[in-house]
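Keeping their order, the protein sequence lines are chains U and L.
For the first sequence, counting from 1, position 198 maps to 198 in the working numbering; every step adds exactly one.
So the mapping is simple: the working numbering equals the position in the second sequence, first residue as 1, plus 1000.
Ideal Cβ placement from N, Cα and C applies to all residues, glycine included.
These numbers were taken from a predicted model, which means no experiment stands behind them.
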Amino acid sequence: MQIPEDEILRYLGVRIPDENARRSARKAAEEVSCAAEPKGVYKKFAYSDGVLTDIDYRLPGKDIVRHLGGAKEVIVMAVTLGLKVDFETSRLGKISAGRAVMFDAAASAAAEAFADEFTDRIAAEIGSPVGDRFSPGYGDLPITVQRDVQMMLSADRKIGLSVDKDYTLIPLKSITAIAPVGAERCKKHDCKKCNKTDCAFRKE
Amino acid sequence: MDFLDKLKESVVIFDGAFGTELVRRGVRTGVVPELINLENPEAVTAIHSDYVAAGADVISTNTFGANSVKAGENSEKIIKAAVRLARSASNGAYVALDLGPTGLMSEPMGSARFDDFYEIYKSAVLAGESADLILIETMSDLTEARAAALAAKENSSLPVIVSMTFDDNMRTFTGVSVESFIYSMYSIADVLGVNCSLGPKQLLPIVKRITEICPKPVIVQANAGLPDAAGNYNVGAEEFARYAESFRRLGASVIGGCCGTTSEHIAAIASRLDRTLTPRSAVVPPVVCSASRCVPLDGVRIVGERINPTGKKAVKAALSSGDYGYIAAQAIEQAEAGSDILDVNAGVPGIDEGAAIVKLINLLEGVTELPLQIDSSDPTVLEKALRRYNGRAIINSVSGEQRSLDAVLPLVKKYGSMVIGLTIDENGIPKTAESRIRIAEKIIREAAKYSIPASSLIIDALTLTAGAEQDQAKETLRAITEIKKRFGVKTVLGVSNISFGLPRRQIINTAFLSAALWAGLDLAIINPNVPENIQCIDAFKVLSMQDEGAKTYSKKYSAEAPGAASAAAPAEEHDKDLAYLIKKGLPGTEAETEKLLDSGVPASAVIDEYLIKALNDVGADYESGKIFLPGLIQAAEAAKGAFNAIKKRMSKEGLPSRGTIVMATVKGDVHDIGKNIAATVLENYGFEVVDLGKNVEPESVVNAVKASDAKLVGLSALMTTTVKNMRDTIALLKAECPGVSVMVGGAVLTAEYAAEIGADYYCPDAASDVRIAEEIYKKA
């Protein structure tokens, strides 16, 4: 898993990085690589008009339906970096807020990087491209869907992914998503697609 | 026949997977598959009947995901129906109430509390009470497994099986080792073991380890191999049955199947498996563990003594205020200094010691893997701590007084802990080795009445003060040697009491520690941050042959030249002034501040003219985009060194605080990194911060405000779902603490949203809190 340095710096809000910042980012990326135990699980479902037809599950909200378009099949997936990363963030937080923040940013970048890698792996396994991921909490897809995704995938049993009462994913550096089968994944994240215009990480 | 009696006679066969059978029969299920108990009961009984016909002695109800978290309000109905269906198809087979994980995560990494799990499982146990036994399976989180087992034991009289799921690194997803699982649950459950995770071949080493160490019967339910890319399991029935025989030979006595297994797999086991029990004689050795680390007491072990308010002002202050950050740092420091175990004491007058120790355990589990020694004189506090503690703890302590024995030994029995036995009784502290030996004998005898073996006891022969009772040191040492020889128990001493009242205490401490080690001391309760203590033990390990070839010693000490540590700071920093060091986030601020103070600059001037000025410049640079978040935090941390130097000088009259701020990440939310940054920055601008941590109840925030008289509260929340808890916290604060202002921050908040939930201020970034704090306290 390659953790892109630029993403780490973006999460930290560093717009003009100096060599010092880059060095810290590289070090944090190494630390995260040591602590991370990335794991993923997915299932392919037949899809029609907002419904996962195998299990008769209607996806709530309009945005996800728009995102999936005319796909006949969709992938429901979950990835996590594992609990050791959370433990290390919490431990570092008691030693140095600075180190904890760097580590946390690197872990966020790592989770995204691993999700990309895992999406490509799914595409290879099913022999057809898998498009952009759409996660609970994006647009009008409610975050309560996290529990359903966990249950559809048995993600607690298979990769140790918990969903708390308030729908936080634990380990914190985890991602669940739904993606259309057949569409190509956009390799460059496009912030313009997102309606959260006040996002601190939005790229101009 | 009772299930456990049956288990004494022969190997018992469980059924296989339920989901696999549903898929094979083409039965369609939804997100909650257990709903078919209500919607398609015939499909359920058909599967049960097939497993009974295949030869299963026990069938499991179709309730794996039927808990109230996953199945919601239908939970009870689904469970009741499931037991009924299983019973109707059982034809004399035992019916096991099957309880799988809730999918929640326990504190401190998640927000679910021990009591949350307990209540969820209690409801399920009550709904399924007409089963013959309870199967708690596929557990990954030790808090959940323990809460489930206790809920089952305390709310039914049925036998309880607990089975966890391990990866091929012999750990669960949450990092629980096989040893930690067994040693922390052997006293609670009737049968322990492993299911799911892997195929039978990959499970062999895990089963081997469990059968080696588990004093209770062992269950194994493997998957039918590892799934292929299409999700199919490929170990066939005959092959699976051969592995079942291997499990039996290793000592497993309850054998069934998990994912991918069918009635054919169970039929193959039933027809081929020899039912003879393999004799085993596993006993629990002297060992302590946390969820992820096991520490066998097979040599000298260091117990860190620093988390104790007695005589330690900072720990006492931390416990009183609810800001446990200092204690967390102490735990990490002691771990890094070489502790094997941490003693934890939360006994401060005027606080709820039971609640405090549970909170402390939570905190410590988030920052260290070291096992804990629970230190309290109050048995109700001990029980609260032991219930919550994820591991096998040491109880500190029981004495030879009958009242103490009657109160504490039942806890040792129930929770399977180790316990320190103090050689004191109704007559006070005995003055001879002989009388201490007699009390040790009494404790051992009383423990045996509860079937607590001597291997669970650690005897404390008492350190008295040499300054007052000089002749007692020799008695203590003699007692240690004799107690070990006669009873084969482990021994412990709190070492530093020996030197109380004498000058240069460490000289006496080191000499006594060394003598005690040679007398046979196993656990030394010491301050591990004092190098002489650690050095003494390292040297003892060489001389007593525990450190063979002096390998550990040589590795540790050959690189380290004496005095090397003090020369660490690079020379170039000395020509930079304090403001520069802070702005650049460089080390050396503590020394630089001391220089200023030495040269006669008053502390208040150092704060105003150097510290605050530098930090204000940094804040302005951050806001104008000249520097970024890491730079801001580095500057704040550099300022901390300067404040520390000032604090040291002003310890008598105290540092002039710019005001107190209570900080918390709200209930339900565990995303605390933003709040931690804000707290660090505020602290290093000279504000007093009471940091209550994450997942904080509204009442705790109110209590902290009242106790500290803070005029400002900072709350954080990251999730849309936890903002409601932020709103509740603000409402309670406004009602209970009129006059307090609230600032809020977090990814989902905006200025408008903040105003809507009743906050007075919105913090878009880490520098804005400081401006708000300055405004509030300037007004005041």
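Going by C-alpha positions, residue 23 of chain U is about 14 Å away from residue 3 of chain U. In this structure, the CA atom of residue 1260 of chain L is about 25 Å from the CA atom of residue 1181 of chain L. Runs of the beta strand (DSSP E) lying entirely within the region 1400-1433 of chain L and spanning at least 3 residues, in chain order: 1418-1422. Residues of chain U with a Cβ closer than 9 Å to the Cβ of residue 1628 of chain L are, in chain order, 9, 12, 13, 14, 15, 16, 17 and 21.
Proximity to residue 1224 of chain L across L/1206, L/1199 and L/1023 peaks at L/1199, based on C-alpha coordinates. Per DSSP, reduced to three states, the secondary structure at residue 1378 of chain L is coil, with no helix or strand assignment.
Here the alpha carbon of residue 1663 of chain L sits roughly 6 Å from the alpha carbon of residue 1692 of chain L. Here DSSP, grouped into helix, strand and coil, assigns residue 1196 of chain L to strand. Going by C-alpha positions, residue 1239 of chain L is about 26 Å away from residue 1161 of chain L. Contact between the region 1385-1398 of chain L and the region 1154-1174 of chain L is absent: fewer than 3 CB-CB pairs across the two stretches fall below 8 Å.
Residues of the region 89-101 of chain U that bring their beta carbon within less than 8 Å of a beta carbon in chain L comprise 89, 90, 91, 93, 94, 95, 96, 97, 98, 100 and 101, in sequence order. Residue range 1341-1345 is occupied by the beta strand (DSSP E) that includes residue 1341 of chain L. Ranked by Cα distance from residue 1288 of chain L, the first of L/1412, L/1094, L/1038 and L/1464 is L/1412. When C-beta distances to chain U are compared with 7 Å, the residues of the region 1075-1106 of chain L below that value are 1101, 1103, 1104 and 1105, in chain order.
Distance from the CA atom of residue 1463 of chain L to the CA atom of residue 31 of chain U, rounded to whole angstroms, is 44 Å. Under the 9 Å criterion on CB atoms, residue 1214 of chain L is classed as non-interfacial with respect to chain U.
What residue 125 of chain U touches in chain L, judged by beta-carbon distance under 7 Å, is 1229, going in chain order.
Using a Cβ distance threshold of 9 Å, residue 1766 of chain L and residue 1641 of chain L do not count as a contacting pair. Of the residues assessed, residue 1517 of chain L falls on the buried side of the cut-off, its CB having 16 or more other CB atoms within 10 angstroms.
For residue 1268 of chain L, the CB contacts under 6 Å within the same chain, skipping 5 residues up- and downstream, are 1237, 1238 and 1241 in chain order.
Residues of the region 165-177 of chain U with a C-beta atom less than 8 Å from some C-beta of chain L are 165, 166, 167, 168, 170, 171 and 172, listed in chain order.
Residue pairing from DSSP places residue 1014 of chain L in a beta bridge opposite L/1058.
In the three-state DSSP reduction, residue 34 of chain U falls in the helix class (H, G or I). At least one CB of chain U lies nearer than 9 Å to the CB of residue 1325 of chain L. In the DSSP annotation of this structure, the continuous segment of the alpha helix (DSSP H) that includes residue 1068 of chain L starts and ends at 1068-1071. Contact between residue 1744 of chain L and residue 1715 of chain L is confirmed by a C-beta separation of about 5 Å, below the 8 Å threshold. Taking 8 Å as the upper bound for CB-CB distance, residue 1141 of chain L and residue 1105 of chain L are in contact here, some 6 Å apart. Where residue 1113 of chain L is concerned, there is no enclosing beta strand (DSSP E), because DSSP gives it neither an H nor an E. Considering only beta carbons, the part of the region 1709-1720 of chain L lying closer than 9 Å to chain U consists of 1718, 1719 and 1720, in chain order. Counting only runs of 3 or more residues that sit fully inside the region 1239-1307 of chain L, the beta strand (DSSP E) segments are 1254-1257, 1287-1289, 1294-1296 and 1301-1307, in chain order.
In chain order, 1473, 1495 and 1498 place their CB closer than 7 Å to the CB of residue 1512 of chain L, counting only its own chain and leaving out the 5 sequence neighbours on each side. Taking a beta-carbon distance threshold of 9 Å, residue 1173 of chain L counts as an interface residue toward chain U. Ranked by how close their Cα comes to the Cα of residue 1504 of chain L, the residues L/1490, L/1532 and L/1331 have L/1532 in first place. For residue 128 of chain U, the closest Cβ of chain L is not nearer than 9 Å. For residue 1112 of chain L, a Cβ of chain U is located within less than 9 Å of the residue's own Cβ. About 5 Å separates the beta carbon of residue 148 of chain U from that of residue 1031 of chain L, a gap short enough to meet the 8 Å contact definition.
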